[in-house]
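Below: the structure, in structure tokens.
There are 2 protein chains.
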Amino acid sequence: MATTSASRGQETRQRLLDAAVALVPELGWGGVTTRLVAERAGVAPGVVHYHFASVTDLLVAAGTGFSGALLDQLAKELTARPTVGEGVDWLLGELSRYSGADPASLLVMEMFLASTRLPELRERLGEQIAGFRSCVASWLAERGYQGDAAVAAAALAAALDGVMLHRALDPDLDPAALAGPLRAMFGTTREGTTTEGTTSERTQP
Amino acid sequence: MATTSASRGQETRQRLLDAAVALVPELGWGGVTTRLVAERAGVAPGVVHYHFASVTDLLVAAGTGFSGALLDQLAKELTARPTVGEGVDWLLGELSRYSGADPASLLVMEMFLASTRLPELRERLGEQIAGFRSCVASWLAERGYQGDAAVAAAALAAALDGVMLHRALDPDLDPAALAGPLRAMFGTTREGTTTEGTTSERTQP
DNA sequence: GTAGTATTTGGACACTTGACCAAGTCGATC
DNA sequence: GATCGACTTGGTCAAGTGTCCAAATACTAC
């Protein structure tokens, strides 16, 4: 058995982080309490303050851990796309996995808001997003995007998050249907795969 | 004096709503308490439950009141713009008033999230946004937008909210700098006022 | 075995919360 | 003046909160 004392502790710590990640979307950032997180993790309430200085500390660690992994993987897969057009299409496809009301989307949004009240979270999250944007920008530049790649990356990233935001209130909003206007942002109708016709898809019946 | 008993009550009610609107951005939706709202409004704690059934009721009324007025005015002013290009530029200019970390932006985002847990709020907010989008769509259609106006309106509205979201974490993100890609969404470089050169403004130094 | 360390337990502490209410105030109406 | 209804007060209540801690447990090193 490799169940050393330390490794058991690490596992408990991870269970607390996972429980927090699951609880924030359900109850909101401010709705997560010591006892609830402990109960969800299957440990005694006191454990929380053994592994973390405060509930806020736990939430920050859990949130940044989640968003960091998410953005890293997103950036990694995006930069593997050969053309800008394919990349945008892939991003939109990926986005359809996030309804705006699913746990992942809600957690990220809760973090956005909590960061306005928690300087430490704000700094960490800001770094992660800046990293993602610069990654997208260099990917755009390498694909021969004409114009300011940083601006375009910012606009694309913002539009993606905005779509997620709106989908939370309008489930019928199909991300794929927005491919037309978004791809037009990069003038990609001539290069890459030309998927004409998607523009005419309806969002609302 | 027109200070009838009823009108005084209405004024107190309004003060509670105003206090709630101010408090939600500061403390988050879940951080607003009976006593804090009463103190900010300058009334006794008990007054809250005389005018509203619960704290949640107060927050929903305050939030929807605010967002309704905001969207109404936005739609009204937008539809007064003669061309699509001017409209987009005006919207971006308007957006620069909302830093993403200002009270108005934060309140709207808090409402977005709270609505996932409060069906009543969700329904009301959804109606308001759908109304705004359809208003933008018909404005686009009237200006001779070629393509699905509803899709374009959805993309534009989402992009705007996304920019607001990102500005909360990156104050250097200049909405006006994004005019290039956004206007490209509607292919408005040929019609309307052509403000070339804005595309090259930097977002990050 | 024993000593020592890391982890976990369950409860205690002082405090805040939403909701509620009897008593009080105030202006309008008779 | 007296009466009435709308409104306001300041406080109580049970329930829940974050934080802390002495004691119990589980594992490691000797």
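Residue numbers (our numbering), protein chains in the order written: chain A, 15 to 219; chain B, 15 to 219. The C-beta atom is built at its ideal place from N, Cα and C for all residues, glycine as well.
Neighbour list for residue i in chain A, Cβ cutoff strictly below 8 angstroms
i: B:S113; result: The premise fails here: B:S113 is roughly 10 angstroms from chain A at the closest Cβ pair, so nothing lies under 8 angstroms.
i: B:V51; result: Within 8 angstroms Cβ-Cβ: nothing; B:V51 doesn't reach chain A, min ~15 angstroms.
i: B:R136; result: L183
i: B:L120; result: L127 and T130
i: B:G23; result: Neighbours of B:G23 on chain A: none; closest Cβ ~31 angstroms, over 8 angstroms.
Residue of the options minimising C-alpha distance to residue i
i: A:T93; options: A:L187, A:G176, A:M199 and A:L154; result: A:L154
i: A:R54; options: A:L30, A:H63, A:G42 and A:S148; result: A:L30
i: B:A191; options: A:A172, A:V74, A:G145 and A:E40; result: A:A172
i: B:R27; options: B:W43, B:P39, B:V69 and B:E108; result: B:V69
i: A:W104; options: A:G23, A:A182 and A:L170; result: A:L170
i: B:L5; options: A:V165, A:D184 and A:M178; result: In the structure as shown, chain B begins at 15 and stops at 219. Residue 5 of chain B is therefore absent and cannot be evaluated.
i: A:L121; options: A:G23, A:E25, A:L37 and A:Q24; result: A:L37
i: B:R157; options: B:F66, B:L139 and B:F200; result: B:F200
i: A:D32; options: A:Y64, A:A67, A:R49 and A:L72; result: A:L72
i: B:Q24; options: B:A167, B:C149, B:F66 and B:A168; result: B:F66
i: B:A198; options: A:D184, A:G161, A:M178 and A:L179; result: A:G161
i: B:A75; options: B:A89, B:G99 and B:W43; result: B:W43
i: B:P117; options: B:A58, B:G107 and B:S81; result: B:S81
i: A:A131; options: B:L41, B:A34 and B:V35; result: In the sequence on display, residue 131 of chain A carries Arg and not Ala. A:R131 has its Cα closest to that of B:L41, out of B:L41, B:A34 and B:V35.
i: B:K90; options: B:P189, B:L174 and B:G145; result: B:G145
i: A:I143; options: A:A167, A:A128 and A:Y159; result: A:A167
i: A:R138; options: B:G77, B:E108, B:D184 and B:H63; result: B:D184
i: B:A128; options: A:L179, A:P189, A:L50 and A:A58; result: A:L179
i: A:L174; options: A:Y159, A:G101, A:H63 and A:E141; result: A:G101
i: B:G159; options: B:F126, B:R136 and B:V98; result: Residue identity differs from the one stated: residue 159 of chain B is Tyr in this sequence, not Gly. The option with the nearest alpha carbon to B:Y159 is B:V98.
i: A:G140; options: A:G77, A:P189 and A:L106; result: A:G77
i: B:P189; options: B:F126, B:H63, B:P39 and B:L109; result: B:L109
i: A:P39; options: A:F126, A:L85 and A:L135; result: A:F126
Interface residues of chain B facing residue i [CB-CB closer than 7 angstroms]
i: A:A89; result: Per Cβ cutoff of 7 angstroms: no residues; A:A89 is ~16 angstroms from chain B at best.
Interface residues of chain A facing residue i [CB-CB closer than 7 angstroms]
i: B:T97; result: Within 7 angstroms Cβ-Cβ: nothing; B:T97 doesn't reach chain A, min ~17 angstroms.
i: B:A33; result: Simply none; closest approach about 18 angstroms.
i: B:L187; result: A168
i: B:L192; result: V165, A168 and A169
Burial state of residue i, where buried means 16 or more other Cβ atoms lie within 10 Å
i: B:Q87; result: exposed
i: A:D186; result: exposed
i: B:G60; result: exposed
i: A:T111; result: At residue 111 of chain A the sequence reads Arg, which differs from the Thr that was named. A:R111 comes out exposed.
i: A:P133; result: exposed
i: B:A151; result: buried
i: A:G194; result: buried
i: B:G176; result: buried
i: B:R147; result: buried
i: B:T217; result: Because the pLDDT at B:T217 is just 36, under 50, the model does not fix this residue reliably, and the value given afterwards should be weighed accordingly. Result: buried.
i: B:A16; result: Model confidence at B:A16 stands at a pLDDT of 43, short of 50, so the residue's coordinates are unreliable and nothing is read from them.
i: B:E124; result: buried
i: A:S21; result: exposed
i: A:R181; result: buried
i: B:P96; result: exposed
i: B:A83; result: exposed
i: A:T208; result: With a pLDDT of 34 at A:T208, under the threshold of 50, the modelled position of that residue is not reliable, and the figure given next carries that caveat. When all chains shown are included, A:T208 counts as exposed.
i: A:A34; result: buried
i: A:A58; result: exposed
i: B:G114; result: buried
i: B:G56; result: exposed
Chain-ordered neighbours of residue i on chain B, where CB pairs are closer than 8 angstroms
i: A:S129; result: A182 and L183
i: A:G140; result: L183 and D184
i: A:E124; result: L127
i: A:G79; result: Per Cβ cutoff of 8 angstroms: no residues; A:G79 is ~18 angstroms from chain B at best.
i: A:G101; result: In chain order: nothing, as chain B lies at least about 15 angstroms away.
Within chain A, partners of residue i - CB distance below 9 angstroms
i: B:P133; result: Residues of chain A passing the Cβ test: none, with the nearest at roughly 12 angstroms.
i: B:G107; result: In chain order: nothing, as chain A lies at least about 16 angstroms away.
i: B:P117; result: Result: empty, since nearest Cβ-Cβ is about 10 angstroms, beyond 9 angstroms.
i: B:G82; result: Per Cβ cutoff of 9 angstroms: no residues; B:G82 is ~14 angstroms from chain A at best.
Can you list, in chain order, the residues of the stretch 153-185 of chain A whose Cβ is nearer than 9 angstroms to any Cβ on chain B? G161, D162, A164, V165, A166, A167, A168, A169, L170, A171, A172, A173, L174, D175, G176, V177, M178, L179, H180, R181, A182, L183 and D184
Please name the residues in the stretch 44-77 of chain B whose beta-carbon is closer than 7 angstroms to at least one beta-carbon of chain A, in chain order. G44 and G45
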